[in-house]
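To keep things clear, I will list the structure first and then write my remarks on it.
Numbering (my numbering), first residue to last: 14 to 136.
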């Protein structure tokens, strides 16, 4: 396992979009259950999320087979619960490409609802 680097962003975004194409919260945020749409637009969402804080924080781990990334885990260190506001704003274009304007509002509502259930203590 090795930490991801900024140069891994495109490959990671595509891999994660494929992995989450049938994930109900992701489908709700994207506004579709169509796997083709999820794989086409999903990388833009993950690009924004990963670039919005996790890659810079060093909290994206990868598993490689040779040079190819075959698995990844993105997480947030204790006390951090997602991308930073500046990170989200900086990468708003990626989110818009993935979600559209209405989808960005929908995704923020889903994120706020999920945040209610996050543990409040380090785990």
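C-beta atoms are modelled at their ideal positions from N, C-alpha and C, and glycine is treated no differently.
A quick note: this is a predicted structure, and the numbers were derived from the prediction, not measured.
Here residue 114 carries a helix assignment [DSSP, helix/strand/coil].
For the 9 angstroms CB-CB criterion, residue 75 and residue 17 form a contact.
DSSP places residue 60 outside any beta strand (DSSP E); the residue lies instead in the alpha helix (DSSP H), whose first and last residues are 48 to 62.
In this structure residue 56 is buried. Its beta-carbon is surrounded by 16 or more other beta-carbon atoms within 10 angstroms. At a Cβ-Cβ threshold of 9 angstroms, residue 108 and residue 120 count as neighbours. The beta-bridge partner set that DSSP reports for residue 84 consists of 76.
Following the DSSP letters along the chain, one finds residue 35 in no alpha helix (DSSP H), marked with neither H nor E.
Rounded to whole angstroms, the separation of the alpha carbons of residue 89 and residue 49 is 29 angstroms. Counted as a single uninterrupted DSSP element, the stretch harbouring residue 44 is not any alpha helix (DSSP H), since DSSP gives it neither H nor E. At a Cβ-Cβ threshold of 9 angstroms, residue 42 and residue 100 do not count as neighbours. Measuring C-alpha to C-alpha distances from residue 40 to each of 15, 58 and 73 identifies 58 as the nearest. When DSSP states are grouped into helix, strand and coil, residue 103 belongs to the helix group.
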